[in-house]
Amino acid sequence: MEESNLCECEVPIKVVGDIHAQFQDMNRLFDLIGRVPQEKFLFLGDYVDRGPQGVEVVILLFALKLRYRDRIFLLRGNHETPAVNKIYGFYNECVMKYGAGIWIFLLRGNHETPAVNKIYGFYNECVMKYGAGIWWDFQACFNRIPLAGLISKRVCILDFIILQMM
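My numbering numbers the first residue of the sequence shown as 10 and each following residue consecutively.
1. Can you list, in chain order, the residues of its chain with a C-beta nearer than 7 angstroms to that of P155? Leave out the 5 residues immediately preceding and following it.
2. Classify T30 as buried or exposed, calling it buried when 16 or more other Cβ atoms lie within 10 Å of its own Cβ.
3. For W112 and M105, I'd like the C-alpha separation in whole angstroms.
4. To which residues does DSSP link C18 through a beta bridge?
5. Taking the C-alpha atoms as reference points, what is the distance between G63 and A149?
6. Kindly indicate which residue of D40, C18, Q47 and H88 has the alpha-carbon position closest to the one of A26.
7. How would you label I81, buried or exposed, when you count the other beta carbons within 10 angstroms and need 16 or more for buried?
8. Tell me where the beta strand (DSSP E) around K74 begins and ends.
Have a look at this one:
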């Protein structure tokens, strides 16, 4: 699903920021303020990192977007960029859940810690051989999410860090 970098939506709409891989909190939020299709939602990005269930958060939001295209609006935050989500946890979550978990058992030489392995390339070597393709698939999806939202042609909204990166 390809969209413009500007997502236009109309009030009334619920605006939700920074889920950060907190799947249970996101479900509680739906319980508190409503669910689709009864309510419309604009999510401001930062779906992954800093929590244990980024994959689940993204899959649910993507499924809702596909099912309720005119009720769910997604924006891209700075955590939907590879440079950020590789550092803050989403990459590791994908690797642990879907592949390349073997890398920690293959430590060699004076590169016996995960941090050193990441710096000097062994981590990436193992990922290339054993998986983590799902992380790249998510990055391709994230690149298609709009950067900014325009609510009722009056209020422009976007992730602050994205604004700084422009």
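Don't be surprised by glycine CBs; every beta carbon is placed ideally from N, CA and C.
The relevant details are as follows:
1. In chain order, E12, S13, N14, L15, C16, L84 and R85 place their CB closer than 7 angstroms to the CB of P155, counting only its own chain and leaving out the 5 sequence neighbours on each side.
2. This sequence places Ala at residue 30; Thr is not what is there. Sixteen is the threshold: when 16 or more other Cβ atoms of the shown chains lie within 10 Å of the Cβ of A30, as they do, the residue is buried.
3. With a pLDDT of 37 at W112, under the threshold of 50, the modelled position of that residue is not reliable, and the figure given next carries that caveat. Rounded to whole angstroms, W112 to M105 spans 10 angstroms at the Cα level.
4. DSSP lists I160 as partners of C18.
5. Rounded to whole angstroms, the separation of the alpha carbons of A149 and G63 is 16 angstroms.
6. According to the sequence shown, residue 26 is Gly rather than Ala. Distance check between G26 and each of D40, C18, Q47 and H88 places H88 closest, using alpha-carbon atoms only.
7. If you draw a 10 Å sphere on the C-beta of I81, you find 16 or more other C-beta atoms in it, and that means buried.
8. Annotation for K74: no beta strand (DSSP E) segment contains it, though the alpha helix (DSSP H) segment containing it runs G63 to R76.
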